[in-house]
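Listed in order, the protein sequences are those of chains D and C.
Start counting the first sequence at 21; every next residue gets the next number (this note's numbering).
Start counting the second sequence at 118; every next residue gets the next number (this note's numbering).
One structure is given here, and the rest of the page talks about it.
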Amino acid sequence: QVQLQQWGAGLLKPSETLSLTCAVYGGSFTDYYWTWVRQPPGKGLEWIGEIKHSGSTKYNPSLKSRVTVSLDTSKNQFSLRLTSVTPADTAAYYCARVSDYWWFDPWGQGTLVTVSA
Amino acid sequence: NFMLTQPPSVSESPGKTVTISCTRSSGSIATNYVQWYQQRPGSSPTTVIYEDNQRPSGVPDRFSGSIDSSSNSASLTISGLKTEDEADFHCQSYDTDNNVVFGGGTKLTVL
């Protein structure tokens, strides 16, 4: 059974760079796409972007200028970088596997990232 | 691009049936599959319906999904409501460029 475990810094100052990593345990890493989703406190889910096993990426147009998703196939890990964060980037960030027709399952446990001066 | 609109909240009594709608703002709801996720407080989302009406293994058949082209909406129906069903539910689809779109989420209260 596939499990995703994520980690990264939980408290950032404005203008800093958010960095999170997600490790995939069990199942195939190269047969799927991998994605990041965030959820501001009390609000809905927002798709951030995805990466294919080839390394090809696709990002939410609203975040594209600040986002980089990368992968390390040797470690079965993929990562998220979001530059120049502001308090509006405060959210729970989730990693997930992308199955056919953009079905996200399973999800990582989530990381709450707070941006505050 | 398009938006998915859900009611902010719904409530119903245990044992009853509730339906949560997800309306697509432009383009046909039938063009791209819709997924539904359940999210309990403090937890990650989990799938209850994928590809419009498919249930992952382990999800009870009290949960069902459908689409209605006349209202351009997808629906999640939960029958025989239990208090443990209380959660936020999110619909999700994707556009022709494969950009992912989520609805705003619906809080289900079982009282």
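Backbone N, C-alpha and C define an ideal beta-carbon position, used for all residues, glycine too.
As the structure is a prediction and not an experimental result, all values here were calculated from the model.
Using a C-beta cutoff of 7 Å, does Glu203 (chain C) count as contacting chain D? Taking the first residue of the second sequence as position 1, residue 203 (chain C) is located at position 86. No - not a single Cβ of chain D is within 7 Å of the one on Glu203 (chain C).
Would the region 48-55 of chain D count as touching the region 112-124 of chain D if we require 3 or more Cβ pairs under 8 Å? yes
Indicate whether the contact test is met: 3 or more Cβ pairs, each with one atom in the region 125-136 of chain D and one in the region 62-75 of chain D, closer than 8 Å. no
Just to make sure I have the definition right: I need the residues of chain D whose C-beta is within less than 8 Å of the C-beta of Thr164 (chain C). Which are they? Residue 164 (chain C) sits at position 47 when you count from the first residue of the second sequence. Per Cβ cutoff of 8 Å: Trp123, Phe124, Asp125.
Report yes or no: is there a C-beta of chain C within less than 7 Å of the C-beta of Tyr114 (chain D)? Mapped onto the first sequence, residue 114 (chain D) falls at position 94. At least one chain C Cβ lies under 7 Å of Tyr114 (chain D).
Listing by chain order, which chain C residues have their CB less than 9 Å from the CB of Glu36 (chain D)? Position 16 of the first sequence, counting from 1, holds the residue named residue 36 (chain D). By Cβ distance, chain C contributes nothing, its closest Cβ being about 25 Å from Glu36 (chain D), past 9 Å.
Residues of chain D with CB under 7 Å from Val176 (chain C), in chain order? In the second sequence, counting from the first residue as 1, residue 176 (chain C) sits at position 59. Ordered by position in chain D, no residue passes the 7 Å Cβ test against Val176 (chain C), which lies about 11 Å from the chain.
If we define contact as Cβ-Cβ less than 7 Å, is Gln129 (chain D) a contact residue for chain C? In the first sequence, the residue the question calls residue 129 (chain D) occupies position 109. Answer yes: the Cβ-Cβ gap between Gln129 (chain D) and chain C drops below 7 Å somewhere.
Pick out whichever of D:Tyr113, D:Gly64, D:Pro81, D:Thr41 has its Cα sitting closest to the Cα of Asn96 (chain D). One-based indexing of the first sequence puts residue 96 (chain D) at position 76. Measuring from the Cα of Asn96 (chain D), the nearest candidate turns out to be D:Thr41.
Closer than 8 Å is the cut-off here; do at least three beta carbon pairs connect the region 186-194 of chain C with the region 132-146 of chain C? yes
Reduced DSSP category for Glu201 (chain C) - H, G, I as helix; E, B as strand; rest coil: Stepping through the second sequence from its first residue, residue 201 (chain C) is reached at position 84. Note: Glu201 (chain C) maps to helix in three-state DSSP.
Out of D:Lys84, D:Leu100, D:Pro81, D:Leu83, state which residue places its alpha-carbon closest to the alpha-carbon of Ser90 (chain D). Within the first sequence, numbered from 1, the residue matching residue 90 (chain D) stands at position 70. Ranking the options by Cα distance to Ser90 (chain D), first place goes to D:Leu100.
Mapping the DSSP letters down to three states, classify Gly121 (chain D) as helix, strand or coil. Taking the first sequence and counting its residues from 1, the one referred to as residue 121 (chain D) is at position 101. Residue 121 (chain D) is actually Tyr in this sequence, not Gly. Looking at Tyr121 (chain D) - three-state DSSP - the assignment turns out to be helix.
Quick one: what's got a C-beta closer than 7 Å to Ala204 (chain C)'s C-beta in the same chain, skipping five residues either side? Your numbering for residue 204 (chain C) matches position 87 in the second sequence. Result list for Ala204 (chain C): Gln155, Gln156, Arg157, Leu225, in chain order.
Is Asn215 (chain C) closer than 7 Å to Ile146 (chain C) when the C-beta atoms are compared? On the second sequence, position 29 is the one that residue 146 (chain C) refers to. On the second sequence, position 98 is the one that residue 215 (chain C) refers to. No; because the gap between Cβ atoms is not below 7 Å, this pair is not in contact.
Indicate the three-state DSSP secondary structure (helix, strand or coil) for Ala147 (chain C) in the structure shown. Here residue 147 (chain C) refers to the residue found at position 30 of the second sequence. In the structure shown, Ala147 (chain C) sits in coil (DSSP, three-state: anything other than H, G, I, E or B).
Cβ of Ser104 (chain D) within 7 Å of Cβ of Ser39 (chain D)? The count along the first sequence starts at 1 and reaches residue 104 (chain D) at position 84. The count along the first sequence starts at 1 and reaches residue 39 (chain D) at position 19. No.
Considering only their Cβ atoms, is the gap separating Ser161 (chain C) from Trp127 (chain D) smaller than 7 Å? On the first sequence, position 107 is the one that residue 127 (chain D) refers to. On the second sequence, position 44 is the one that residue 161 (chain C) refers to. Contact flag set, yes.
Contact criterion: CB-CB distance below 7 Å. Does Gly144 (chain C) meet it with respect to chain D? The count along the second sequence starts at 1 and reaches residue 144 (chain C) at position 27. Not closer than 7 Å to any Cβ of chain D, the Cβ of Gly144 (chain C) fails to qualify, so no.
Beta-carbon separation (whole angstroms), Leu102 (chain D) vs Thr37 (chain D), contact threshold 8 Å: As a working note, residue 102 (chain D) is residue 82 in the first sequence. As a working note, residue 37 (chain D) is residue 17 in the first sequence. Right, the Cβ-Cβ distance comes to about 7 Å (below 8 Å), so this counts as a contact.
How about Asp169 (chain C) and Ile184 (chain C): do their beta carbons lie closer than 7 Å? For this step, residue 169 (chain C) is matched to residue 52 along the second sequence. For this step, residue 184 (chain C) is matched to residue 67 along the second sequence. Against a cut-off of 7 Å, the Cβ pair of Ile184 (chain C) and Asp169 (chain C) comes out as a contact.
Chain C residues whose Cβ lies nearer than 9 Å to that of Gly75 (chain D): On the first sequence, residue 75 (chain D) is found 55 positions in, with the first residue counted as 1. Here the premise fails: no neighbours, minimum Cβ distance about 17 Å.
Going by C-alpha to C-alpha distance, which of C:Lys199, C:Thr223, C:Leu198 sits closest to Phe206 (chain C)? For the purposes of this step, residue 206 (chain C) is taken as the residue at position 89 of the second sequence. Answer by Cα proximity: C:Thr223.
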